[in-house]
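**Q** So the protein sequences, as listed, match chains Z and H. 26 is the number of the first residue of the first sequence in the numbering used here; add one for each residue after it. 114 is the number of the first residue of the second sequence in the numbering used here; add one for each residue after it. Just passing along the structure, written as structure tokens.
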Amino acid sequence: MLFKYLLIYIAVYFGLLTSFFFVFVLFENRKKIKNVAPPKKLPFVSVIIPAYNEGMHIAKTITSVANLNYPKNKLEIIVVDDGSIDDTYNVAKKIAKRFGNLKIKIFRKKNGGKASAMNLGIVRAKGEFVAGLDADSFVTPDALMKMIGYFSDSTVMSVTPSLKVYKPRGILRRIQALEYLWGVFLRKTFSFINTIHVAPGPFSIFRKSFFEKHGYFDENNLTEDTEIALRIQKNNYRIENSMDANVYTVAPSSFSALLKQRLRWYYGYTKNVQQYSELFSPKYGYLAMFALPTAFISVFILIALMGYLAWEMIDQWIRTISNLNAINFDLSVLFSFKNFEWGHLPYIFTSPVTVFIVITFALGLMLTLVAKYKSNEKESIKLNYLYFLLFYSIFYVFWWLVALGFRLFGGKVEWGSKIKIADKSKESNG
Amino acid sequence: MAESKKSDVGRRISKISVAAVFALTTLVFLLGILAGNAITSAKLNQIESMQNELKDELVSIELEDTLMQESPCIDVPLLSKKLDDLATRLTYLENEYKKDDPQILELKKPYTLLQVRHYIRMKKTIEHCKMNFTLILFFYDNTPEKISESEKQGFILDYIKLKYDNVKIYSFDSRLDMDIIKTMMNIFSVQNTPALVINGKVYTGLHYKEEIEKLLA
Chain Z
26 MLFKYLLIYI
36 AVYFGLLTSF
46 FFVFVLFENR
56 KKIKNVAPPK
66 KLPFVSVIIP
76 AYNEGMHIAK
86 TITSVANLNY
96 PKNKLEIIVV
106 DDGSIDDTYN
116 VAKKIAKRFG
126 NLKIKIFRKK
136 NGGKASAMNL
146 GIVRAKGEFV
156 AGLDADSFVT
166 PDALMKMIGY
176 FSDSTVMSVT
186 PSLKVYKPRG
196 ILRRIQALEY
206 LWGVFLRKTF
216 SFINTIHVAP
226 GPFSIFRKSF
236 FEKHGYFDEN
246 NLTEDTEIAL
256 RIQKNNYRIE
266 NSMDANVYTV
276 APSSFSALLK
286 QRLRWYYGYT
296 KNVQQYSELF
306 SPKYGYLAMF
316 ALPTAFISVF
326 ILIALMGYLA
336 WEMIDQWIRT
346 ISNLNAINFD
356 LSVLFSFKNF
366 EWGHLPYIFT
376 SPVTVFIVIT
386 FALGLMLTLV
396 AKYKSNEKES
406 IKLNYLYFLL
416 FYSIFYVFWW
426 LVALGFRLFG
436 GKVEWGSKIK
446 IADKSKESNG
Chain H
114 MAESKKSDVG
124 RRISKISVAA
134 VFALTTLVFL
144 LGILAGNAIT
154 SAKLNQIESM
164 QNELKDELVS
174 IELEDTLMQE
184 SPCIDVPLLS
194 KKLDDLATRL
204 TYLENEYKKD
214 DPQILELKKP
224 YTLLQVRHYI
234 RMKKTIEHCK
244 MNFTLILFFY
254 DNTPEKISES
264 EKQGFILDYI
274 KLKYDNVKIY
284 SFDSRLDMDI
294 IKTMMNIFSV
304 QNTPALVING
314 KVYTGLHYKE
324 EIEKLLA
């Protein structure tokens with residue numbers, strides 16, 4: 026009992042601390058939430074679309090880039106077909122003809138993974154800036170214009186967009202939609218203290234010179250989007266974020282696809298953080314002292330708490346079943362409610378922990394609403410929030426346990442079926 | 114937009130901001146704990162005030178006892194209902210905190226006295242009015258070795274109470290430091306717990322639904 030309350034109070038204190046920290050940072054920088062205006066002379070931007078078997082989505086993806094509100098003579102699209110076995114290449118070719126006024130280069134290569142496709146695109150890119158766009162993601166017309174201004178600061182090596190789930194229908198996608206919305210809030214907050222440590226696959230823009238000076242995407246990395254962000258941080262540059270440059274991505278809809286994605290993200294994340302462990306030095310400021318440690322501490326606290334609650338619940342179930350067995354499962358009597366006192370309800374549902382549940386709920390709702398309105402999200406999120414509250418922490422702990430299990434016991438994690446590149450993975454951690 | 118100097122990339126930690134966040138967190142946390150404690154003490158106070166109300170009713174029971182000699186078949190349903198209500202609330206509190214919490218044990222004492230008073234009153238009524246009514250005394254024990262047996266017996270008795278309208282159950286914590294409990298255990302020769310006393314006979318150990326129903330028949 027004491028252990029349980031200790032665990033709950035530690036979790037609550039830690040949760041409040043991180044939430045207030047975010048709120049504080051956001052409040053301190055409230056005047057900087059607005060995007061930096063684009064420069065008068067717009068730079069040339071190359072958008073690279075790495076694709077593997079994305080015949081279904083690639084037309085929509087290319088069209089969304091072609092519809093970007095950006096001068097066509099300052100924009101090029103580079104589609105890299107990473108050895109697809111479907112009609113990705115032909116669809117891309119056909120669509121390219123439709124946008125004759127826009128420079129669209131299409132390459133076909135042997136399958137080598139997303140990072141290798143990106144690297145080919147970067148080498149062939151004409152732009153001073155390169156943006157990646159997974160072939161199952163779509164940009165909104167003003168996204169690039171909202172993001173490009175941040176590069177007027179020469180220390181900025183990458184600008185991340187506001188990433189959202191495309192048409193979130195079904196419980197799993199709705200949960201992810203809310204998780205991504207929290208990501209919108211977190212990434213903006215992180216950007217103020219330069220602690221962004223993931224540059225998501227859908228439409229993160231990079232200064233091309235960074236790759237030339239510090240190397241291209243790591244082709245053997247499971248989460249190249251984390252690796253590149255950590256590398257930028259290690260070299261003491263900035264990663265910025267535009268909170269309302271909306272980019273939509275198709276999220277996994279099945280439990281197994283989602284598990285596979287998360288396994289790769291979390292496994293890859295721990296590997297990358299280990300590889301860049303020097304970032305824990307105080308000279309990296311909030312990244313070392315706050316962002317990276319809290320990511321791990323929150324996972325461990327959640328695992329401990331959920332583990333304990335699960336154990337307690339199982340214990341309770343065993344006792345209930347044993348009790349019910351003692352009355353031959355005669356439930357009709359128990360559920361007759363004839364002696365039920367409605368006046369007892371407040372008694373059952375009020376405890377010291379209830380106070381904290383209410384505070385946590387209120388804080389969570391506040392952060393969600395800030396993200397929703399500041400990122401111009403039009404979709405209703407009520408149902409998403411409900412599913413998120415009910416299931417997210419269970420899923421989150423489960424994914425992390427599987428990923429940590431693979432790390433501890435030497436399981437092998439690959440990019441989908443190794444050859445699949447643009448799976449539904451957009452960023453490496455939540 | 115060329116890459117040049119790397120002066121400020123946002124690595125500076127503002128000690129004042131960090132201190133402010135810690136202070137705010139601690140403040141909200143402590144306020145939360147205070148609010149939590151206020152809820153707990155409100156609950157305990159509520160039980161206490163309920164018991165005070167019942168104590169007042171004890172006086173009326175004394176008066177009713179006198180009246181009973183003239184018309185012996187008066188029922189006291191109000192007290193019975195209030196006792197049940199009190200028992201449920203005590204059970205919630207026990208589940209929320211610890212069964213050996215001193216405050217909860219203290220709250221059980223007046224409840225125990227009320228139960229004994231009600232038991233004596235009911236016994237008289239049943240005898241005088243030849244009612245088809247069974248009173249069950251339940252002596253339980255919340256020590257770690259016996260708690261699981263006691264809880265299971267309690268669950269079975271709750272079921273019996275719900276199923277049969279003509280059964281009244283009085284539960285006594287055998288470890289409670291009260292002479293009246295010891296006296297009752299002596300009267301019925303209860304040596305071990307958990308134990309049931311049905312129609313004056315003692316049944317030690319766990320008794321399942323069927324056994325109890327057989328005894329009631």
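Idealized CB from N, CA, C, for every residue including glycine.
To which residues of the same chain is I269(H) closer than 6 Å at the C-beta, ignoring the five residues directly before and after it?
**A** The residues are K322.
**Q** Mind checking S302(H): buried by the 16 CB within 10 Å criterion, or exposed?
**A** Counting Cβ neighbours within 10 Å, S302(H) comes out exposed, since fewer than 16 surround it.
**Q** Going by Cα to Cα distance, which pick from F231(Z), R212(Z), F280(Z) and E337(Z) is closest to F28(Z)?
**A** It is E337(Z) whose Cα lies nearest to the Cα of F28(Z).
**Q** Is R288(H) helix, strand or coil when you go by DSSP?
**A** Three-state result, R288(H): coil.
**Q** Taking the beta carbon of N78(Z) as the centre, do at least 16 other beta carbons fall within 10 Å, making it buried, or is it exposed?
**A** With 16 or more other Cβ atoms within 10 Å, it is buried.
**Q** Please identify the residue among Y412(Z), A428(Z), G108(Z) and V48(Z) whose C-alpha is closest to the C-alpha of G137(Z).
**A** Out of Y412(Z), A428(Z), G108(Z) and V48(Z), G108(Z) has the C-alpha closest to the C-alpha of G137(Z).
**Q** Is there a C-beta anywhere in chain Z that falls below 8 Å from the one on E324(H)?
**A** No, no contact with chain Z.
**Q** Name, please, each residue of chain Z whose Cβ falls closer than 7 Å to the Cβ of E209(H).
**A** Near E209(H) (Cβ distances below 7 Å), the residues of chain Z are S376.
**Q** Rounded to whole angstroms, what is the Cα-Cα separation between L312(Z) and V272(Z)?
**A** L312(Z) and V272(Z): Cα-Cα distance of roughly 25 Å.
**Q** Please report the residue range of the alpha helix (DSSP H) in which K189(Z) lies.
**A** Where K189(Z) is concerned, there is no enclosing alpha helix (DSSP H), although the beta strand (DSSP E) it sits in stretches over V181 to V190.
**Q** Quick one: does V134(H) have its CB under 8 Å from some CB of chain Z?
**A** It does; some Cβ of chain Z falls within 8 Å.
**Q** Which whole runs of the beta strand (DSSP E) in the segment 303–337 of chain Z are 3 residues long or more, in chain order?
**A** With a minimum length of 3 residues, no continuous beta strand (DSSP E) run stays inside the segment 303–337 of chain Z.
**Q** Out of F49(Z), K134(Z), K151(Z) and I83(Z), state which residue places its alpha-carbon closest to the alpha-carbon of N98(Z).
**A** Ranking F49(Z), K134(Z), K151(Z) and I83(Z) by Cα distance to N98(Z) puts K151(Z) first.
**Q** Does I444(Z) have its Cβ less than 8 Å from a Cβ in chain H?
**A** Reliability fails at I444(Z), whose pLDDT of 33 lies under 50, so the model's placement of it is uncertain and the value that follows must be treated cautiously. Cβ-Cβ to chain H under 8 Å: no for I444(Z).
**Q** Can you give, in chain order, each stretch of the beta strand (DSSP E) that sits fully within the segment 222–282 of chain H and has at least 3 residues?
**A** Here the runs fully enclosed are 247–253.
**Q** Does the beta carbon of S183(Z) come closer than 8 Å to any beta carbon on chain H?
**A** Chain H contact via Cβ: absent.
**Q** Buried or exposed for Q258(Z), please, with buried defined as at least 16 other CB atoms from any protein chain shown within 10 angstroms of its CB.
**A** With 16 or more other Cβ atoms within 10 Å, it is buried.
**Q** Give me the chain H residues within the contact set of N54(Z), using Cβ-Cβ distance strictly less than 9 Å, ordered along the chain.
**A** Those do not exist, as N54(Z) stays about 10 Å from chain H at its closest Cβ, beyond 9 Å.
**Q** Output the distance between the C-alpha atoms of D198(H) and Y34(Z), rounded to the nearest integer angstrom.
**A** Approximately 32 Å between the Cα atoms of the pair.
**Q** Using a beta-carbon distance cut-off of less than 9 Å, what residues from the segment 260–273 of chain Z approach chain H?
**A** Cβ contacts with chain H: N260, N261, Y262 and R263.
**Q** Chain A partners of N353(Z), CB-CB under 7 Å?
**A** Among the protein chains of the structure shown, namely Z and H, there is no chain A.
**Q** Do you know how far the Cα of K211(H) is from the Cα of S418(Z)?
**A** Cα to Cα, the separation comes out at about 28 Å.
**Q** Suppose only complete runs of 3+ residues qualify. What are the beta strand (DSSP E) ranges in the segment 103–147 of chain Z, listed by chain order?
**A** Here the runs fully enclosed are 128–133.
**Q** Reducing DSSP to helix, strand and coil, say where Y316(H) ends up.
**A** DSSP places Y316(H) in strand when its eight states are reduced to three.
**Q** What does DSSP give as the partner residue(s) for T274(Z) in the beta ladder?
**A** S162(Z) and V190(Z).
**Q** Please confirm whether L392(Z) has its beta-carbon closer than 8 Å to some beta-carbon of chain H.
**A** So no, L392(Z) is outside the interface.
**Q** Here's a check: name, in chain order, each residue in its chain whose Cβ is nearer than 7 Å to the Cβ of K118(H), leaving out the five neighbours to either side.
**A** For K118(H), the predicted structure reports a pLDDT of 44, less than 50, and the residue's modelled location is therefore unreliable. A value from the coordinates is still provided. The answer is none, since no qualifying residue turns up.
**Q** Go through its chain and collect everything with a Cβ distance to V280(H)'s Cβ below 7 Å, but skip five positions before and after it.
**A** Excluding sequence neighbours, V280(H) sits near T247, I249, I273, K274 and L329.
**Q** In whole angstroms, give me the CA-to-CA distance for N14(Z) and M170(Z).
**A** Since the displayed chain Z opens at 26 and closes at 455, residue 14(Z) lies outside it and no answer follows.
**Q** For T274(Z), count the other beta carbons within 10 Å of its own beta carbon; 16 or more makes it buried, fewer makes it exposed. Which is it?
**A** Buried, because 16 or more other Cβ atoms sit within 10 Å of the Cβ of T274(Z).
**Q** Could you name the residues of the same chain whose beta carbon sits closer than 6 Å to that of D460(Z), not counting the 5 residues immediately before and after it, in chain order?
**A** One cannot answer for residue 460(Z) here, as it falls past the ends of chain Z, which runs 26 to 455.
**Q** Give the secondary structure of K118(H) by DSSP, where H, G and I count as helix, E and B as strand, and everything else as coil.
**A** Annotation note: pLDDT 44 at K118(H) (below 50); position unreliable, coordinate value reported separately. DSSP places K118(H) in coil when its eight states are reduced to three.
**Q** Indicate the three-state DSSP secondary structure (helix, strand or coil) for N266(Z) in the structure shown.
**A** It is a strand residue.
**Q** With distances taken from CA atoms, which of V72(Z), L408(Z) and P377(Z) is nearest M143(Z)?
**A** Ranking V72(Z), L408(Z) and P377(Z) by Cα distance to M143(Z) puts V72(Z) first.
**Q** Compute the distance between the beta-carbons of G293(Z) and L356(Z), then report whether it is under 8 Å.
**A** Not closer than 8 Å, so no.
**Q** Taking the alpha helix (DSSP H) that R212(Z) falls in, what are its first and last residues?
**A** Its alpha helix (DSSP H) spans residues I196 to F217.
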